[in-house]
Ligand code: C2O
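Numbering (mature numbering (1 follows the signal peptide of the UniProt record, and there is no 0)), first residue to last: -1, 1 to 539.
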């Protein structure tokens, strides 16, 4: 193993897209940002220098951060932000993971433009559990606003109204031609006939779950969230913000042919989604190409409400669970939690119709602290958080109540954490309340991967449903879609001491409070404690 050094200069960069220009926050002037490449077991040191007027912090999404919670990055959770003119070195070791992950800013809505890929290669000499691809390409899906993204968050947090939808989706920074800007170039993906490619696909969009598709080609899914899966073929990928998916693509057409690549919204919310499809082109290169003017084969896209396409994809996901890569699913459960997740309405005198939208887990709207929780935990600073997060909702009710029926939707504010002893086995049933809007919530847990042992529609039934849990080869990941009008059950082992954020990866919902955190105690053995903070840890 080796040490890999990176330098991330956070700077303002003037950028032209959709026929208009604006300054955006970038790392090293790039959008998407630079790719981090390392091998399993390497140590990565990234010096982040803040040259902008915003506070900054960067999260390495999906990296376990075993005992190195100080490098996890969510602002006010594991660190105070890096202030203008300051820097911080994120220092972590890649343990037991290989595949595609990504990094993004974890403060305000800066991650709209501050994000990039992380490629963790297997240890030297260790092959993939599938035929070695001829080449690998990173595909970062994003969203683009013509207006200032940091303004959107203010609108969203003021009275809980939805911010305006993005103006386009992007594929590696390019939207492709859209109706009001035809000169916008699309991303080009060159391939050679007969070769197999691996695409490392990342959904870095703020608020949109996406379908991804390449006309005329099947994709073989081999990995999600840096965990190998049982390979399966599909013509459409479903990918939520926060998730990553590796697919194999066999280039089986002739030199000169062109196929449309598309990323389009899976309509999970009836408001504020944009319906602009990002397009790119898969084009075949090679010798003796006489006809370069061949027409691009268009992709037929699933409709935005194609729940059946989404469900089929999700149901096909299984851990590889081979001898080399066993699925270590916890079979006993020490902490069985039921979390209702969804939007609610709180009374609000100054708001338009007397209520404001809030989001909550078990009726708690998480309030961001002013001191980083990990510091408060490590140094025993009082009055920053309480560890009384409820293990179940306040009172039972019918979660499949009709949309807009405001039963038990009020929330209370709090910086409340749930405490887990080291090595506890945890099951969380995430029940989508679907009370205000019927939509999916991609839930992300920091510090751990989890297994998705079950999912269903309607109300979770604690008697019947666990009997059908898959504890053999469930998909293992770090971000899971909690289905609209349904639930999902996840399991993990709390073997990573520290403070770990869990939240909906739709940025608008995080802003409204759809988040909470776990505090995991130190163990008693050697190597079971959080390491001390680095000397350059930012101060609040
Ligand atoms: Cu990718 Cu807490 O985020």
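The beta-carbon is built from N, C-alpha and C at its ideal position, and this holds for glycine as well.
Return the first residue and the last residue of the beta strand (DSSP E) that residue i is part of.
i	result
residue 516	514 to 519
residue 506	Note, residue 506: premise wrong, no beta strand (DSSP E); alpha helix (DSSP H) at 506 to 511.
residue 313	Unbroken run through residue 313 is the alpha helix (DSSP H), 306 to 314; no beta strand (DSSP E).
residue 205	From DSSP, residue 205 is part of no beta strand (DSSP E); its letter is neither H nor E.
residue 105	Premise fails: residue 105 is in no beta strand (DSSP E) and is neither H nor E.
residue 491	485 to 492
residue 283	277 to 283
residue 230	226 to 233
residue 540	This structure cannot speak to residue 540, because the chain is shown only from -1 to 539.
residue 540	Any property of residue 540 remains undetermined from this structure, which presents the chain solely from -1 to 539.
residue 133	Segment: none, residue 133 is in no beta strand (DSSP E) and carries neither H nor E.
residue 38	35 to 38
residue 189	186 to 190
Hey, would you say residue i sits closer than 8 angstroms to residue j, going by beta carbons?
i	j	result
residue 357	residue 512	yes
residue 495	residue 443	no
residue 564	residue -1	Since the first residue shown for the chain is -1 and the last is 539, residue 564 is missing from the structure and cannot be characterised.
residue 223	residue 120	no
residue 135	residue 94	no
residue 341	residue 347	no
residue 9	residue 26	yes
residue 363	residue 426	no
residue 143	residue 16	yes
residue 203	residue 261	no
residue 132	residue 324	no
residue 474	residue 228	yes
residue 117	residue 35	yes
residue 522	residue 63	no
What is the residue span of the alpha helix (DSSP H) that residue i lies within?
i	result
residue 167	Looking at the DSSP string, residue 167 is not in any alpha helix (DSSP H); the run it does join, the beta strand (DSSP E), is 167 to 170.
Which of the three DSSP states, helix, strand or coil, is assigned to residue i?
i	result
residue 538	coil
residue 18	coil
residue 415	strand
residue 148	helix
residue 497	strand
residue 199	strand
residue 405	Below a pLDDT of 50, predicted positions are generally treated as unreliable, and residue 405, at 47, falls in that range; the measurement from the model is reported next regardless. Coil, per DSSP.
residue 245	strand
residue 609	Beyond the ends of the chain as shown, which are -1 and 539, falls residue 609; an answer cannot be given.
residue 253	coil
residue 525	coil
residue 153	helix
residue 293	coil
residue 262	strand
residue 175	coil
residue 183	coil
residue 530	coil
residue 8	strand
residue 141	strand
residue 410	coil
residue 212	strand
Assuming residue i and residue j form a contact by the criterion Cβ under 8 angstroms, report the distance between their Cβ atoms to the nearest whole angstrom.
i	j	result
residue 481	residue 499	The pair is not a contact, with the Cβ atoms about 18 angstroms apart (cut-off 8 angstroms).
residue 68	residue 529	6 angstroms
residue 370	residue 380	6 angstroms
residue 201	residue 139	5 angstroms
residue 562	residue 106	Lying before the first or after the last residue shown, residue 562 is absent from the chain, which here runs from -1 to 539.
residue 254	residue 186	The pair is not a contact, with the Cβ atoms about 20 angstroms apart (cut-off 8 angstroms).
residue 208	residue 239	5 angstroms
When you compare the CB of residue i with every CB in chain B, is at least one pair closer than 8 angstroms?
i	result
residue 199	Protein chain content of the structure displayed is limited to a single chain, and chain B is not contained in it.
Subject >> Residues passing the C-beta test against the ligand SAM heavy atoms, cut-off 6 angstroms >> reply: Although the ligand SAM was asked about, the structure shown includes only the ligand C2O as ligands.
Subject >> Completely contained beta strand (DSSP E) runs for the stretch 418 to 481, where each covers 3 or more residues >> reply: The qualifying runs are 424 to 431, 440 to 444, 449 to 456, 478 to 481.
Original post:
What are the complete beta strand (DSSP E) segments, minimum 3 residues, inside the stretch 297 to 382?
Top reply: Correct list: 334 to 346, 354 to 360, 363 to 365.
**OP:** Only counting runs of 3 or more residues, tell me where the beta strand (DSSP E) segments fall wholly within the stretch 41 to 126, in order along the chain.
**Re:** 42 to 49, 57 to 60, 86 to 92, 98 to 104, 114 to 120
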